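Structure record follows, encoded as structure tokens.
Numbering (the numbering used here), first residue to last: 1018 to 1142.
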């Protein structure tokens, strides 16, 4: 039972790292930078997805199977330290925008819906 709880905790901590990092990066990006930022983040994610299994195999070969978990823990610790250091560098964005629902659909349907919806400011809501 403890293994399942540990796996659930690990998954909850690990699976959200990319999403939270992407949201944080986009908070500080301008509209003109968003496409390049997304491409760079996906590229770095892919590099990590390629390099990590190789690094894990080297660590396991040198230090045994339990060293993989130490490698993962050190990686998360490095991300925590980086995140805390990064939080102190830049203040939170001053401008707050209202949430806009954007349905997950094809580009064509999204454009059609965009013509039907009216902007938030004009409807008085």
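Cβ atoms here follow ideal geometry from the backbone N, Cα and C, with glycine treated the same way. The model shown is predicted, which means the values in this text are computed figures rather than measured ones.
Here residue 1037 is exposed: its Cβ has fewer than 16 other Cβ atoms, across all protein chains shown, within 10 Å.
Annotated three-state conformation of residue 1072 is helix, per DSSP. In this structure residue 1076 does not touch residue 1066 by the C-beta definition: roughly 16 angstroms separates them, more than the 8 angstroms allowed. Taking 8 angstroms as the cut-off, the Cβ atoms of residue 1054 and residue 1042 count as close. Residue state for residue 1116 is assigned as coil, using DSSP reduced to three classes. Here residue 1107 is near residue 1045, since their CB atoms are less than 8 angstroms apart. The beta-carbon distance between residue 1039 and residue 1058, rounded to whole angstroms, is 6 angstroms. This is short enough to meet the 8 angstroms contact definition.
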